[in-house]
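> Okay, here's the structure, questions in a sec.
Below you can see the structure in the form of structure tokens.
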């Protein structure tokens, strides 16, 4: 629970506050004082009479009623302090900086639970333990630095790691990113990242509240809650970016040793963020760069003009933007020719617009004006402007400041001379701007943003799924494991997924008769082994009864063979759809190129079931091999609508069949008219 005593306390006590500002207890007091806290600040320290100019209490029992307590004492003392303060001093909010709880030992977890029970009994809010604290415009209850510039329209930042929060703040401050609040939740025993998002969502005021949220997540304990409130906030006009650490096996071990977090699979995280509309980041630099982008006017298109006085960075930015799916279109025509007359000889205007190292501040402003007013095919402007150390840049940066205030198109300032022109950059940032010192990092962040879809609709549509039939099929399955081919067909038919004609039998005669009826060529596949190709259990392009008979005899000799499947041989682009049930997340649906490509290239896109059509199309379009699906070298593209429909239908079916733990449809064969499932396997696990 998050209450007023936590957010705007009229009185604060620091248990363990000291005069040593190089230790957490002293640093918290220093930050509260330097942050201008206006309420009553109290200190408990049995060994000091005065702490940083404040008269200290030697015993917490001597305290008057106090709304918020910050505990910076050994873990073993924390439960008794919480009990005393909540019961006798009406304290209704606690920030526990101390470590040594559930993140370390079983005994520590018991102490943590004792604190949580007391907070629950008295209706008190709890941040931590094992955190750096809470930083707001009301009170600076943290022991760390840096303290960023704070204003109501700054970023709300929530972190599952205290040390990482500090490093992210370091990265942000250098860029000029300002903050509204910083939440370090530590072990998150009561208030986790999902709870902070819930509070932001339920108390959101579009007129006064920050519209940018940055998250560093080590454990997603409630995916549904995160999805609901994050997507709600984005629909209300907020923008959210997040790092989810611990998605790889090795990263999971690191996260667990740090805060007891259990990492979710990477595909589940990717699917969750995609569904919510969260921009996923993979580093501190990327997260703070995206945060800076969020503070600028929204990017309405993909066409960039690059204004620079250094050719190399302009070329690198052009390459990085193009690689990420953005455009740096050629600028030409009468307006371009006119601009060139206003620049020094040798300047280039084709894009990048290179005004040369000798270009003046006035010429910088002229180039920006042409991009803003004359070049209609330009949606945004990137300005790269540093110094070789020969001149000061105050005049040029003042021009840039004025243009950023007045231009409607977003301007991305790339000011690389942080050392040589440090004072000029600092003056520019003081005016409320941000700075992207590296052009490629900016392009990477922009690319990640444009690939992030809008939040998915919350309504679940059935799309003609035969739920009663599906329930009966699942009910009739008596054993866990991979189900027989006919059951696979029955389940897929409940979703209306087109299936290739096939027959499974242990009778050679039945199969040859079926092949003659459906027409050669056919495909034969062994039934029983899970990986048919690995055991030589697939024969393609069989064109006669004799060859089919020989293949039947051979396959029935394969270990674990229980029969042979014969299918009509079809042609087309091989596609893949799969799904896996992830605990707490639900079904993660994957799509991509099929056949061996899904294993070799791992070019797959993920979504969280159930999916809508917009989500399915977004997944398809985000594939690296999407151009193959569109058609290349004279080949016609596939029917994307049919592919998306199968993705949607399968995801909806899975919504009503949690017993399906894994499903692979590989391949589907697709052409310009149809998409047909050729091979599939389904793993059922019933409680």
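Residue numbers (this note's numbering): 42 to 728.
We put the CB at the ideal spot given by N, CA and C, even for glycine.
(1) How about residue 670 and residue 484: do their beta carbons lie closer than 8 Å?
(2) Based on the DSSP secondary-structure assignment, which residues constitute the bridge partners of residue 484?
(3) Are residue 606 and residue 581 close, meaning C-beta to C-beta below 8 Å?
(4) Pick out the complete alpha helix (DSSP H) segments inside the region 388–437, 4 residues or longer, and give them in chain order.
(5) Quick check on the DSSP output: what are the complete beta strand (DSSP E) runs of length 3 or more inside the region 50–101, in order along the chain?
(6) Assuming residue 543 is part of the beta strand (DSSP E), what are its boundary residues?
(7) Where does the unbroken beta strand (DSSP E) through residue 649 begin, and where does it stop?
(8) Assuming residue 231 and residue 160 form a contact by the criterion Cβ under 8 Å, report the distance between their Cβ atoms to the nearest whole angstrom.
(9) Return the bridge partner residues of residue 596 from the DSSP annotation.
(10) Measuring CB to CB, does residue 227 end up less than 8 Å from residue 169?
(11) Compute the distance between the beta-carbons of residue 136 and residue 201, then report whether it is under 8 Å.
(12) How would you write the range of the alpha helix (DSSP H) that residue 639 sits in, first residue to last?
(13) Just mark residue 395 as buried or exposed, buried being the case when its beta carbon has 16 or more other beta carbons within 10 Å.
(14) Applying the criterion that 16 or more other CB atoms from any shown protein chain within 10 Å of the CB defines a buried residue, is residue 345 buried or exposed?
(15) Alpha carbon to alpha carbon, how far is residue 423 from residue 639? Give it in angstroms, no decimals.
(16) Buried or exposed: which applies to residue 447, given that a residue is buried once 16 or more other Cβ atoms fall within 10 Å of its Cβ?
(17) Starting from the C-beta of residue 284, find all residues in its chain whose C-beta is less than 6 Å away, skip the five residues before and the five after it, and write them out in chain order.
(18) To the nearest angstrom, how far is the alpha carbon of residue 440 from that of residue 464?
(19) How would you label residue 280, buried or exposed, when you count the other beta carbons within 10 angstroms and need 16 or more for buried?
(20) On the three-state DSSP scale, how would you describe residue 622?
(21) I need the straight-line Cα distance from residue 559 to residue 566, nearest angstrom please.
(22) Quick one, are the C-beta atoms of residue 617 and residue 633 less than 8 Å apart?
(23) Are there 16 or more other CB atoms within 10 angstroms of the CB of residue 180, so buried, or fewer, so exposed?
(24) For residue 382, count neighbouring C-beta atoms within 10 Å of its own C-beta (all shown protein chains included) and say buried if the count is 16 or more, exposed if not.
(25) Round the Cβ separation of residue 511 and residue 491 to the nearest angstrom and send it over; I've been treating them as touching at under 8 Å.
(26) Do you know offhand how far residue 541's Cα is from residue 724's?
(27) Could you tell me if residue 513 is buried or exposed, where buried requires 16 or more neighbouring beta carbons within 10 angstroms of its beta carbon?
(28) With DSSP as the reference, label residue 677 as helix, strand or coil.
(29) Just how far apart, CA to CA, sit residue 708 and residue 235?
(30) How would you label residue 107, buried or exposed, when you count the other beta carbons within 10 angstroms and need 16 or more for buried?
Checking against the coordinates, here is how it stands:
(1) no
(2) Note: residue 484 sits in no beta bridge, so no partner.
(3) no
(4) 402–410
(5) 52–56, 81–85, 95–98
(6) 543–546
(7) 645–649
(8) 6 Å
(9) Its beta-bridge partners do not exist; DSSP assigns none.
(10) yes
(11) no
(12) 638–641
(13) buried
(14) buried
(15) 38 Å
(16) exposed
(17) 257, 322, 328
(18) Between residue 440 and residue 464, the C-alpha separation is close to 16 Å.
(19) By the C-beta density criterion, residue 280 is buried, having at least 16 other C-beta atoms within 10 angstroms.
(20) strand
(21) 16 Å
(22) yes
(23) buried
(24) exposed
(25) About 38 Å; that fails the 8 Å criterion.
(26) 20 Å
(27) exposed
(28) coil
(29) 38 Å
(30) Classification for residue 107: buried.
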